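Trainee: Take a look at this one; I'll ask things after.
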Ligand SMILES: Cc1ncc(COP(=O)(O)O)c(C=O)c1O
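In the working numbering, the protein residues as written are 968 to 1421.
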């Protein structure tokens, strides 16, 4: 099992040739989910005492399993937030996977940390964070939000040692579900402030909400406010500048969740909408969403990274050595994790290969696609745009349809391999939602989807 013998070599050749096929697939097939009965019949368990031939096991994956997994990098995948990794990032992911890299500490992986930190610095510069900002790559935005808000709470506790009130986080009613999950894990409250008529959170809407329910909210110690730079459902950017002023005035932590929308900072056409983002105490962006990195890759960055390491660095006799003569950073110190892949490396590789300008153009392409889709929707008599797109999410109604109609249409389109688009809810209104992150989604694909809604 641990020797690179003839069998291992056969496995590798098999896998590499299959991977080349997958990487060169054009167009990338969407594929679709299969039923439990299908798997029971076609993919019985191969886990037994004796093992199986490499061909048998790999064939099961290749012939039965793979096509049951929707390709998130298909240009026809517009549901949730798709992932459209570059070819170089996917290729280098193989090196990271096969390289036995443990990305915990400088001692174990100095070169990997050095390169990941170049990417962290590039992102920090995009945001406008100071030189001593720092952080690491985690598995997803959910972990990034949790890691950031735990640091925020510890900062607050340093100031409020004798308060017995319940702790609370402010955010908008459009904030991502992971903020609520984070609060659950941290055993604190979320004050979900109704966003304004443009679905944005502003300082004014925060003050209005708190003033409207003084009795309720005075029972809480609010320690952080989350501004979202690119809401998941609607792609809207909160009024970060006014929220930063509010946070500053009330001496609370400003966390910016740019898991999806952070990539938009690369576009000169929308950059202005992020005003105030440079004042974040902590910030997240998921390169596995719109910065063309493979899953799973999210960056969490703190204005003052030392506040994060005070909170997250794990202490034990067997780890002390990692903190002695510490020359570079330990990524494990900056989030709620210890063992980790050096998951920032595929992005480093790809950025270094293609250059920043290629990223700028690819992000702009998704923005342009969203504006194109909105224009086409406005030209129809049977569709109605909910709001003008801010970023690359487009939300609209098919006039006269209810949830079940949307669901039927969605299932049918996936069956025909036209697109993977699922309905969403805005308030109590069912809607359809495109999220563009793949520069290979074309006008023709959008036109085809819109026509199928007639
Ligand atoms: C704004 C926002 N924050 C957080 C998350 C959670 O990220 P992840 O799925 O990587 O945990 C998402 C996911 O879509 C998101 O859109």
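Don't be surprised by glycine CBs; every beta carbon is placed ideally from N, CA and C. The structure presented is a predicted model; accordingly, all values stated were derived computationally and were not measured.
Could you compute how far the alpha carbon of residue 1011 sits from the alpha carbon of residue 1031?
Mentor: Looking up residue 1011 in the chain shown gives position 44. Looking up residue 1031 in the chain shown gives position 64. Taking the straight line from one Cα to the other gives about 11 Å.
Trainee: Along the beta strand (DSSP E) that carries residue 1392, what are the first and last residues, could you check?
Mentor: Indexing the chain shown from 1 puts residue 1392 at position 425. Note, residue 1392: beta strand (DSSP E), 1390-1393.
Trainee: Compare the Cα-Cα distances from residue 1199 to each of 1166, 1175, 1218 and report the closest residue.
Mentor: On the chain shown, residue 1199 is found 232 positions in, with the first residue counted as 1. The option with the nearest alpha carbon to residue 1199 is 1166.
Trainee: Is the closest heavy atom of ligand 1 to the C-beta of residue 1195 under 7 Å?
Mentor: As a first step, residue 1195 is located in the chain shown; it is residue number 228 there, counting from the start. Yes.
Trainee: Between the alpha carbons of residue 1154 and residue 1285, how many angstroms are there, rounded?
Mentor: Reading the chain shown from its first residue, position 187 is the one you call residue 1154. Reading the chain shown from its first residue, position 318 is the one you call residue 1285. Their backbone Cα atoms lie some 30 Å apart in a straight line.
Trainee: Does the Cβ of residue 1224 lie closer than 7 Å to at least one heavy atom of ligand 1?
Mentor: Position 257 of the chain shown, counting from 1, holds the residue named residue 1224. Yes, the beta carbon of residue 1224 sits closer than 7 Å to at least one heavy atom of ligand 1.
Trainee: Assuming residue 1210 and residue 1243 are in contact, meaning their beta carbons sit under 8 Å apart, how far apart are those beta carbons, in whole angstroms?
Mentor: For the purposes of this step, residue 1210 is taken as residue 243 along the chain shown, with counting starting at 1. For the purposes of this step, residue 1243 is taken as residue 276 along the chain shown, with counting starting at 1. That pair is a contact at about 7 Å.
Trainee: Using a Cβ cut-off of 8 Å (strictly closer), state whether residue 1115 contacts chain C.
Mentor: Absent from the structure: chain C. Only one protein chain is present.
Trainee: Quick check on residue 1208: does DSSP put it in helix, strand or coil?
Mentor: Locating residue 1208 in the chain shown gives position 241, counting from the first residue. Here residue 1208 sits in helix by DSSP.
Trainee: Taking 8 Å as the cut-off, does the stretch 1100-1115 touch the stretch 1293-1307 (at least 3 CB pairs, one atom from each stretch)?
Mentor: Result yes; three or more Cβ-Cβ pairs closer than 8 Å.
Trainee: Taking the beta strand (DSSP E) that residue 1002 falls in, what are its first and last residues?
Mentor: One-based indexing of the chain shown puts residue 1002 at position 35. Neither: residue 1002 is in no beta strand (DSSP E) and is coded neither H nor E.
Trainee: Roughly how many whole angstroms lie between the Cα atoms of residue 1097 and residue 1270?
Mentor: As a position in the chain shown, residue 1097 is number 130, starting the count at 1. As a position in the chain shown, residue 1270 is number 303, starting the count at 1. Their backbone Cα atoms lie some 7 Å apart in a straight line.
Trainee: Would you identify the three-state DSSP class for residue 1156, choosing helix, strand or coil?
Mentor: Within the chain shown, numbered from 1, the residue matching residue 1156 stands at position 189. If DSSP states are grouped into helix, strand and coil, residue 1156 belongs with the strands.
Trainee: Heavy atom of ligand 1 less than 7 Å from the Cβ of residue 1102, yes or no?
Mentor: Stepping through the chain shown from its first residue, residue 1102 is reached at position 135. No, since every heavy atom of ligand 1 falls outside the 7 Å radius drawn around the Cβ of residue 1102.
Trainee: Can you grab the Cα-Cα spacing for the pair residue 1017 / residue 1409, in whole Å?
Mentor: The residue given as residue 1017 occupies position 50 in the chain shown. The residue given as residue 1409 occupies position 442 in the chain shown. For residue 1017 and residue 1409, the distance between alpha carbons rounds to 49 Å.
Trainee: Just checking residue 1139 against ligand 1 - is the residue's beta carbon closer than 7 Å to any of the ligand's heavy atoms?
Mentor: The sequence position of residue 1139 within the chain shown is 172, counting from 1. No, the Cβ of residue 1139 stays beyond 7 Å of every heavy atom of ligand 1.
Trainee: Restricting to Cα atoms, I'd like to know which of 1329, 1299, 1344, 1391 is closest to residue 1079.
Mentor: Here residue 1079 refers to the residue found at position 112 of the chain shown. Ranking the options by Cα distance to residue 1079, first place goes to 1299.
Trainee: Rounding to the nearest angstrom, what Cα-Cα distance links residue 1297 and residue 1156 in this structure?
Mentor: Locating residue 1297 in the chain shown gives position 330, where the first residue counts as 1. Locating residue 1156 in the chain shown gives position 189, where the first residue counts as 1. Cα-Cα distance, rounded: 31 Å.
Trainee: Using three-state DSSP, classify residue 1220 as helix, strand or coil.
Mentor: For the purposes of this step, residue 1220 is identified with residue 253 of the chain shown, where counting begins at 1. Looking at residue 1220 - three-state DSSP - the assignment turns out to be strand.
Trainee: Rounding to the nearest angstrom, what Cα-Cα distance links residue 1086 and residue 1103 in this structure?
Mentor: Taking the chain shown and counting its residues from 1, the one referred to as residue 1086 is at position 119. Taking the chain shown and counting its residues from 1, the one referred to as residue 1103 is at position 136. C-alpha separation (whole angstroms): 9 Å.
Trainee: Hey, would you say residue 1221 sits closer than 8 Å to residue 1247, going by beta carbons?
Mentor: Here residue 1221 refers to the residue found at position 254 of the chain shown. Here residue 1247 refers to the residue found at position 280 of the chain shown. Against a cut-off of 8 Å, the Cβ pair of residue 1247 and residue 1221 comes out as a contact.
Trainee: Using the C-alpha atoms, what's the distance from residue 1101 back to residue 1233?
Mentor: The residue labelled residue 1233 in the question sits at position 266 within the chain shown. The residue labelled residue 1101 in the question sits at position 134 within the chain shown. The straight-line gap from Cα to Cα measures roughly 20 Å.
Trainee: Considering only C-alpha positions, which residue in the set 1331, 1312, 1399 is nearest to residue 1354?
Mentor: As a first step, residue 1354 must be located in the chain shown, where it is residue number 387. Ranking the options by Cα distance to residue 1354, first place goes to 1399.
Trainee: Secondary structure at residue 1269, three-state DSSP: helix, strand or coil?
Mentor: Locating residue 1269 in the chain shown gives position 302, where the first residue counts as 1. Three-state DSSP puts residue 1269 in a strand.
Trainee: So is the beta-carbon of residue 1112 under 7 Å away from any non-hydrogen atom of ligand 1?
Mentor: Position 145 of the chain shown, counted from the start, is the residue given in the question as residue 1112. Residue 1112 Cβ: within cutoff of ligand 1.
Trainee: Helix, strand or coil: how does DSSP classify residue 1316 here?
Mentor: The residue labelled residue 1316 in the question sits at position 349 within the chain shown. Correct three-state label for residue 1316: helix.
Trainee: So what's residue 1247 in DSSP terms, helix, strand or just coil?
Mentor: Counting from one through the chain shown, the residue named residue 1247 turns up at place 280. Coil.
Trainee: Is the beta carbon of residue 1333 closer than 8 Å to that of residue 1403?
Mentor: Position 436 of the chain shown, counting from 1, holds the residue named residue 1403. Position 366 of the chain shown, counting from 1, holds the residue named residue 1333. Yes. Within cutoff.
Trainee: DSSP state of residue 1378, grouped into three classes?
Mentor: Counted from its first residue, the chain shown places residue 1378 at position 411. Correct three-state label for residue 1378: helix.
Trainee: Our contact map puts residue 1295 next to residue 1035 with C-beta atoms below 8 Å; I'd like the distance itself, whole angstroms only.
Mentor: Within the chain shown, residue 1295 is the residue found at index 328, counting from 1. Within the chain shown, residue 1035 is the residue found at index 68, counting from 1. Rounded, the Cβ-Cβ distance is 42 Å, inconsistent with contact.
Trainee: Using CA atoms only, rank isn't needed, just tell me which of 1149, 1328, 1361 is closest to residue 1109.
Mentor: Working through the chain shown from its first residue, we reach residue 1109 at position 142. Comparing Cα-Cα distances from residue 1109 to each of 1149, 1328, 1361, the minimum goes to 1149.
Trainee: Can you list, in chain order, the stretches of the beta strand (DSSP E) that have 3 or more residues and sit fully within the stretch 1156-1188?
Mentor: 1156-1160, all fully within the stretch 1156-1188.
Trainee: Do residue 1049 and residue 1261 count as a contact pair if the criterion is CB distance below 8 Å?
Mentor: The residue labelled residue 1261 in the question sits at position 294 within the chain shown. The residue labelled residue 1049 in the question sits at position 82 within the chain shown. For residue 1261 and residue 1049, no; Cβs fall outside 8 Å.
Trainee: Who are the Cβ neighbours of residue 1451 in its own chain at under 7 Å, not counting the five residues just before and after it?
Mentor: Given a span of 968 to 1421 for the chain in the structure shown, any question on residue 1451 remains unanswerable.
Trainee: Could you check whether the Cβ of residue 1199 sits closer than 7 Å to any heavy atom belonging to ligand 1?
Mentor: Counting from 1 along the chain shown, the entry for residue 1199 is found at position 232. Yes, the beta carbon of residue 1199 sits closer than 7 Å to at least one heavy atom of ligand 1.
Trainee: Quick one: Cα of residue 1499 to Cα of residue 1207, how far?
Mentor: A question about residue 1499 goes unanswered here, because the residues of the chain that appear run from 968 up to 1421.
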